[in-house]
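There are 2 protein chains.
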Amino acid sequence: MPDSLRRFKADVFQALAHPTRIAILELLGTAELSAGELIERLGMEQANVSQHLAILRTQRLVINRKSGNQVFYSVRDPILLEVLTLMRSYFQKYLTEAQQMLREMSESGS
Amino acid sequence: MPDSLRRFKADVFQALAHPTRIAILELLGTAELSAGELIERLGMEQANVSQHLAILRTQRLVINRKSGNQVFYSVRDPILLEVLTLMRSYFQKYLTEAQQMLREMSESGS
DNA sequence: ACCGAATATTCGAATTTAATGAGATTGCCA
DNA sequence: TGGCAATCTCATTAAATTCGAATATTCGGT
């Protein structure tokens, strides 16, 4: 596999590599949502969410549809949701270990 | 889903978000390899590869087995390879578009 | 005990990323 | 056209990532 494609693939993972963006994709997994709805459900700064959406748009993980005053987002390809589902099963498999790791991190961090 | 788990999930994607680390996982997909073999096949600096391996180890995407002077690495869970396979199909689906994007990036970058 | 090979770790510089606050668009409706 | 709501973009700053060079560690052989 050429390195350029590997870089491209890495960029997609990079786009997935943020809790907020994962949350966005999970919210969009079941239904198309407007930017405003996303902001509300996430409970985060408007500008911040908008920037994360821009990243997802640039990598084409989501598509957007303008309708009047609003912009509606949806996941571009179900494969991406499959990836998230696979990840979910991965985490369930190692759940106790993940929690253990989280606990250690919070202890050493305090 | 609690945010802590989402953060944990994002960390795994972060670990996948580098061309070299993707290359490492793809190499390990078919066979267990020693650090030296990985370095040789990647044709990169020893320290650099070792650092990437450390990241993959920290996130537990790979496991390592010490045998004498060498350290052998392998992918921890086949689910991760499934994720890479899914991504591969995603890229094949949008290959022309990806190439187009790569071309534009290289043009504007020069 | 010493040496060399294999691997890991540390450090510093350059680059990238994330969050916030402020400003700029765009589209609707009176 | 004026104004408001929804959304995006820009600038700044703090934090994280990446790489190479140098250094450290660990193990087997002599």
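As given, the protein sequences belong to chains A and B, one line each in that order. The numbering of the first sequence is the working numbering, which starts it at -7 and goes up by one. The numbering of the second sequence is the working numbering, which starts it at -7 and goes up by one. Ideal placement from N, C-alpha and C gives every residue a C-beta, glycine not left out.
- Query: Do you know how far the Cα of B:LEU19 is from the Cα of B:ASN40?
  - Reply: As a working note, residue 40 of chain B is residue 48 in the second sequence. As a working note, residue 19 of chain B is residue 27 in the second sequence. Distance between the alpha carbons of B:ASN40 and B:LEU19 is about 16 Å.
Practice prompt. Note down, in chain order, all residues in the region 40 to 55 of chain B with a beta-carbon under 7 Å from any beta-carbon belonging to chain A.
Written response: none
| query | Can the beta-carbon of B:ILE71 be found less than 9 Å from the beta-carbon of A:LEU76? | reply | Residue mapping note: residue 71 of chain B aligns to position 79 of the second sequence, counting from 1. Residue mapping note: residue 76 of chain A aligns to position 84 of the first sequence, counting from 1. No.
| query | Does any CB atom of chain B fall closer than 9 Å to the CB of A:MET36? | reply | Here residue 36 of chain A is taken as the residue at index 44 of the first sequence, counted from 1. A:MET36 does not count as touching chain B.
Practice problem: Tell me whether A:ALA9 is buried or exposed, calling it buried when 16 or more other Cβ atoms sit within 10 Å of its Cβ. | Solution: As a position in the first sequence, residue 9 of chain A is number 17, starting the count at 1. A:ALA9 is buried by the Cβ-count criterion.
Against chain B, with Cβ distances strictly below 9 Å, would A:SER26 count as a contact? Position 34 of the first sequence holds residue 26 of chain A. Cβ-Cβ to chain B under 9 Å: no for A:SER26.
task: Compute the Euclidean distance between the alpha carbons of B:ASP(-5) and A:GLY28, then round it to the nearest angstrom.
output: Counting from 1 along the second sequence, the entry for residue -5 of chain B is found at position 3. Counting from 1 along the first sequence, the entry for residue 28 of chain A is found at position 36. For B:ASP(-5) and A:GLY28, the distance between alpha carbons rounds to 20 Å.
For this session: Have a look at the DSSP bridge pairing and note the partners of A:LYS58.
Result: As a position in the first sequence, residue 58 of chain A is number 66, starting the count at 1. Secondary-structure assignment with DSSP links A:LYS58 through a beta bridge to A:VAL63.
Looking at B:LYS58 and A:PRO11, is the spacing between their C-beta atoms short of 9 Å? As a position in the first sequence, residue 11 of chain A is number 19, starting the count at 1. As a position in the second sequence, residue 58 of chain B is number 66, starting the count at 1. No, the Cβ-Cβ distance between A:PRO11 and B:LYS58 is not below 9 Å.
Using a 10 Å radius around the Cβ and a threshold of 16 neighbouring Cβ atoms, would you call A:LEU25 buried or exposed? Against the first sequence, residue 25 of chain A aligns to sequence position 33. Buried: at least 16 other Cβ atoms inside 10 Å.
Would you identify the three-state DSSP class for B:LEU25, choosing helix, strand or coil?
One-based indexing of the second sequence puts residue 25 of chain B at position 33. Three-state DSSP puts B:LEU25 in a strand.
Using alpha carbons as the reference points, say which of A:TYR86, A:LEU87, A:GLN6 and A:LEU45 lies closest to A:TYR65. Against the first sequence, residue 65 of chain A aligns to sequence position 73. Checked all of A:TYR86, A:LEU87, A:GLN6 and A:LEU45; the closest Cα to A:TYR65 is A:LEU45.
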